[in-house]
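I have placed the structure first, in the form of structure tokens, so that the comments after it can refer back to it.
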Amino acid sequence: MPSSAIAAERPSALTLFLIFSRIGLTSFGGGLSGWLMREFVQDRHWLTEEEFLNGLSISQALPGVNVKNMAIWIGYHLAGRAGAVAGFTGIILPPAVFIVLLGALFSALAGHPLTHVGLAGAAAAAIGLSLSMAITAVRRVRRALVPLAMMACVFVAVAVLRWPLLWVVLGLGSASVAWEFLRLRAQDRGRAREQA
Amino acid sequence: MNRALLGLFSVFAPLSLATIGGGQATVAEIQRQVVDVHHWLTQAQFLSDFAIARLAPGPGSLMVTLIGWQVAGFWGAVTATLALFGPTAFLLYAVAYLWRRHRGALWQRALEGGLRPIAAGMIAAAVYVLLGALEGGLAARLIALVSTGLVMFTRVNALLLVLGGGALLIALQMAGLAF
């Protein structure tokens, strides 16, 4: 399987740095993974939904800030080591400078009542990016009892019971991966036997 | 090395390894360390930093950059940012490298297939929590739904979408239909 089936041209590390910087500086309202999916999958077609979601799963399961993990993953996937560095610096550096400036300006900004309303509206619209990504991710889960039950358990544990994510990911994550491993191994062996 | 910088590093570097499933999970621990243990900031200062981080674009965890800046100036900001984002970056790079080298291996397919429902559940849960925390009442929830439809069925630019949401809620509020 080619590592990126639909990428027509390969972006340079500099292009990636500029794209990640732009997203880092314009992603008001949060939900950065949704912004990344919009940019790399839906607009530019540099990654398939499948590739993006695989990266997202790994980024969430490994320690570290998700968005930063995702930027490294995408950068490495599209342009190797230089791409990974471009992703990391692009998503962190420009917004880091911005937040320090914003800290200095905060009192002036926060004083205006409409600022608050505008930001609430921006946050509401940004949920659209997250929700559409959630719908894509849910639709991509295999339609079978165990994966669907795993997904439901994670949702209840995190959203309703508010359990710590660390234990949810370690517990349900390893159970789910172990199940998938056994299933795939049995499938591979069955296929090998058919061929023999 | 400056003691304040060392302090910042020794608080945020271990935290970076404990951050699983998003920076939001560590906010409580950052608050405890920064306000209760080290007395770098008052509770009010911390809350104001938290609000600024939510309001700013980019990763919400950049709150630590702001804290570093307030504790020890420019190098404080650099130290805190690198401590929180640096160590796990190498981990992710290593995994991305192994991933490409072992394309199609059984363990990799098992991880992909096994983690997918976990990730889907986590993303859905995050949206659920975000929707619950949304300010602006019914109007804001409607904006969220309309925006979802626009993202899924049109090619509208993400920045325009978010700016439009902000402008629309301001307009609705002025017309007395929100808040």
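Line by line, the protein sequences are chains C and W.
The numbering used here applies: residue 1 is where the first sequence begins, and numbers increase by one.
The numbering used here applies: residue 197 is where the second sequence begins, and numbers increase by one.
Note that beta-carbon positions come from the ideal geometry of N, C-alpha and C, so glycine has one too.
Option in the options with minimal Cα separation from residue i
| i | options | result |
| --- | --- | --- |
| Thr275/W | Arg297/W, Gly310/W, His234/W and Phe205/W | Phe205/W |
| Arg185/C | Val267/W, Leu302/W, Phe208/W and Ala292/W | Leu302/W |
| Phe98/C | Leu201/W, Ala371/W and Ile248/W | Ile248/W |
| Phe242/W | Ala252/W, Val231/W and Val325/W | Val231/W |
| Gln227/W | Leu213/W, Ile216/W and Phe208/W | Phe208/W |
| Leu25/C | Ile216/W, Thr222/W, Leu213/W and Ala252/W | Ala252/W |
| Leu262/W | Ala96/C, Met37/C, Pro113/C and Ala61/C | Ala96/C |
| Val138/C | Ile314/W, Val223/W and Gly345/W | Ile314/W |
| Ala82/C | Pro11/C, Pro94/C and Gln187/C | Pro11/C |
| Ser132/C | Leu213/W, Ala306/W and Arg351/W | Arg351/W |
| Ile216/W | Gln195/C, Pro94/C, Gly173/C and His116/C | Gly173/C |
| Arg296/W | Gly80/C, Thr115/C and Leu101/C | Gly80/C |
| Ala134/C | His45/C, Leu53/C and Ala124/C | Leu53/C |
| Leu307/W | Ala320/W, Val291/W, Gly361/W and Ala367/W | Val291/W |
| Leu161/C | Gln239/W, Leu334/W, Phe349/W and Met318/W | Met318/W |
| Ala152/C | Gly361/W, Val342/W, Val347/W and Ala320/W | Ala320/W |
| Leu16/C | Gln60/C, Leu36/C and Arg142/C | Leu36/C |
Buried or exposed by the 16-neighbour rule on C-beta atoms within 10 Å, applied to residue i
| i | result |
| --- | --- |
| Ala84/C | buried |
| Gln229/W | buried |
| Ile6/C | Legend: pLDDT at Ile6/C = 48, less than 50; position of this residue unreliable, value from coordinates given subsequently. Label assigned to Ile6/C: exposed. |
| Val323/W | buried |
| Met1/C | Confidence at Met1/C is low in this model, with a pLDDT of 37, below 50, so the placement of that residue should be treated as unreliable; the coordinate-derived value is given next. Label assigned to Met1/C: exposed. |
| Asp245/W | buried |
| Phe40/C | buried |
| Leu278/W | buried |
| Asn69/C | buried |
| Glu194/C | exposed |
| Pro113/C | exposed |
| Asn198/W | exposed |
Cβ distance (whole Å) where residue i is taken to contact residue j below 8 Å
| i | j | result |
| --- | --- | --- |
| Leu129/C | Ala354/W | 6 Å |
| Leu237/W | Glu225/W | Wrong, their Cβ atoms sit about 14 Å apart, outside the cutoff. |
| Gly55/C | Ile74/C | 6 Å |
| Ser176/C | Leu287/W | Contact flag wrong, Cβ pair sits at about 21 Å. |
| Gly121/C | Ala336/W | 7 Å |
| Leu327/W | Ala316/W | Going by Cβ atoms, the distance from Leu327/W to Ala316/W rounds to 17 Å, so no, they are not a contact pair. |
| His234/W | Gly203/W | 6 Å |
| Ala159/C | Gly29/C | With a Cβ gap of about 20 Å, Ala159/C and Gly29/C do not count as contacting. |
| Trp265/W | Gly256/W | Rounded, the Cβ-Cβ distance is 16 Å, inconsistent with contact. |
Chain A residues whose Cβ lies nearer than 8 Å to that of residue i
| i | result |
| --- | --- |
| Gly332/W | Although the question refers to chain A, the structure presented lacks it and instead comprises the protein chains C and W. |
Checklist entry - Using a Cβ cut-off of 7 Å, which residues of the segment 98-124 of chain C contact any Cβ in chain W, in chain order? => result Phe98, Ile99, Val100, Leu102, Gly103, Phe106, Leu114, Val117, Gly118, Leu119, Ala120, Gly121, Ala122, Ala123 and Ala124
Next on the checklist: Using a Cβ-Cβ cutoff of 8 Å, what residues of the segment 306-324 of chain W are near chain C? List them in chain order.
Outcome noted: Ala306, Leu307, Glu308, Gly309, Gly310, Leu311, Arg312, Pro313, Ile314, Ala315, Ala316, Gly317, Met318, Ile319, Ala320, Ala321, Ala322, Val323 and Tyr324
Next on the checklist: Give me the subset of the segment 24-44 of chain C whose CB atoms are less than 9 Å from a CB atom of chain W, sorted by chain position.
Outcome noted: Gly24, Leu25, Thr26, Ser27, Phe28, Gly29, Gly30, Gly31, Leu32, Ser33, Gly34, Trp35, Arg38, Glu39, Gln42 and Asp43
Item to check | Runs of alpha helix (DSSP H) wholly within the segment 31-96 of chain C (minimum 4 residues, chain order) | outcome: 32-37 and 49-61
Item to check | Interface residues of the segment 172-193 of chain C facing chain W [CB-CB below 9 Å] | outcome: Leu172, Gly173, Ser174, Ala175, Ser176, Val177, Ala178, Trp179, Glu180, Phe181, Leu182, Arg183, Leu184, Arg185 and Asp188
Item to check | Cβ-based contacts, 7 Å cut-off: residues of the segment 255-274 of chain W near chain C | outcome: Pro255, Gly256, Ser257, Leu258, Thr261, Leu262, Trp265 and Ala273
Checklist entry - Of all the alpha helix (DSSP H) runs that stay within the bounds of the segment 288-350 of chain W, which reach a length of 4 or more residues? => result 302-329 and 333-349
Next on the checklist: If the cut-off is 7 Å on Cβ atoms, which residues from the segment 200-211 of chain W count as contacting chain C, listed in chain order?
Outcome noted: none
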